[in-house]
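Everything on this sheet refers to the single structure shown next.
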Amino acid sequence: MKDQITKAEVTRRSFMAGTTVLGGAILTSQSASADPMTTEETWSKPTNVIEQIVEVFGGFDFDQESAEAVRKNGTDNARLAYHAKAASRRSHAIQCALQAEQAGADEPFIAAALVHDIGHSFAAPAPIGLEDEYDDLHGKVAAYWLRNAFVEEVSEPVLLHVPGKRYLVSTRPEYMGILSAGSIDSLRRQGGPMTDDEIQEFEARPHSDWGVEVRIWDDKAKVRGFELPNIERFIPYLEASLKV
Ligand SMILES: [Fe+2]
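Going by this note's numbering, the residue at position 197 of the sequence shown is 205; the numbering climbs one at a time, nothing skipped.
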C-alpha cells in the first residue's frame, strides 16, 4: 500500500528527475526530505516540476524587495544577479496570472498566464554578435517542456501567445499602440504581422483564442513596483492543471 501511494505521488507530482539547468543556475530538489522519492528504491534526487517553476521565479522564500534593489544597483555576484533577474520574471508572471484570475479564467489558463514566459529562462542564449536578430523561441521551448507535465490548456496558450501578438497586430489596428518598445522590437524578429493565410491557420489551432488572451494579459502585466501576492497563491492552479 505504501508503495502504491508513493507511485501515485511520483506520477502526479514528481515529473522531472535529477538536476536541471534553468536560467544558468543548477537546481536541485528543495524538499528532498519531504519527497516520497528519496527512499532507496527510487531514482536519484527528483525535482518536482512545480518546484522547478517556482525556482525560476526565485523560490518560495523569495525576497522581492532586496532582489529589486540588486537589480537596480547591479552586482558582480552571480547568485545575486540570478535573483535580480528572477525579480522581474516573478513580477511579470504573477501580474499576468492575476489578470487571468480577474478575468475569471479557468485554472489551466491562469497557470498558462503564470508560466507564459518561462521559456526565456531556459532558452539558448543568443550567439555572440547576433543578439539583435536573435529569437529565443521561448513560446516553443516552454510549450514542449510543459506538454510533458501539464494539460494542453496550459501548454498551447503558452505556445500561441507569441504568434498571438502577430495575430493581434494584424487583426486589431489599435493593438500596436499598447505594445511596449521591447515588444515592438521583438515583433520584427518573430515575423511581423500575419498574412491572411497565417491568420486563418492561427485561428484553426486549438486554444489559439486563449493564446490571444494570454498575450493581452501579458501586455497589462508590466507595472513596475507592483505589490505582489505570494507565489503560493498560484500553486493550486498549477496542481489542478497537471496531467493525471
Ligand atoms: Fe510576457
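Just so it is clear, CB atoms sit at the ideal spot from N, CA and C, and this is done for glycine as well. This one's a predicted model, so the numbers in the text were calculated from it and none came from an experiment.
Open item on the list: Measuring only the C-alpha atoms, how far is Ala92 from Gly233?
Closed with: Cα to Cα, Ala92 sits roughly 14 Å from Gly233.
Task: Residues that DSSP places opposite Phe158 in a beta bridge - done: Leu250
TODO: Tell me whether Ala40 is buried or exposed, calling it buried when 16 or more other Cβ atoms sit within 10 Å of its Cβ.
DONE: With a pLDDT of 38 at Ala40, under the threshold of 50, the modelled position of this residue cannot be trusted; read the value that follows with caution. When all chains shown are included, Ala40 counts as exposed.
Open item on the list: Under 7 Å: does the beta carbon of Asp125 sit that close to some heavy atom of ligand 1?
Closed with: yes
Open item on the list: Looking only at its chain, what residues have a beta carbon closer than 6 Å to the beta carbon of Ile102, apart from the 5 residues adjacent to it on each side?
Closed with: Leu236
Open item on the list: Any heavy atom of ligand 1 closer than 7 Å to the beta-carbon of Asp226?
Closed with: True, at least one ligand heavy atom lies under 7 Å from that Cβ.
Open item on the list: By the DSSP assignment, the alpha helix (DSSP H) with Asp140 in it spans what residues?
Closed with: Neither: Asp140 is in no alpha helix (DSSP H) and is coded neither H nor E.
Task: His100 CB to nearest heavy atom of ligand 1 below 7 Å - done: yes
Task: Nearest-angstrom Cα separation, counted from Lys148 out to Leu167 - done: 5 Å
Task: Tyr90, enclosing alpha helix (DSSP H) - first and last residue - done: 86-110
Open item on the list: Could you tell me which whole alpha helix (DSSP H) segments of length 4 or greater appear in the region 178-244?
Closed with: The region 178-244 contains these whole alpha helix (DSSP H) runs: 189-197, 204-211, 216-227.
TODO: Would you kindly check if the distance between the Cβ of Ala94 and the Cβ of Phe117 is under 8 Å?
DONE: no
Task: Segment limits, alpha helix (DSSP H) that includes His124 - done: Taken as a continuous stretch (DSSP letters only), His124 belongs to no alpha helix (DSSP H), as it is neither H nor E.
- [ ] Taking only the alpha-carbon atoms, compute the straight-line gap between Ala113 and Arg197 and give it to the nearest angstrom.
- [x] If I take the Cα positions, the gap works out to 30 Å.
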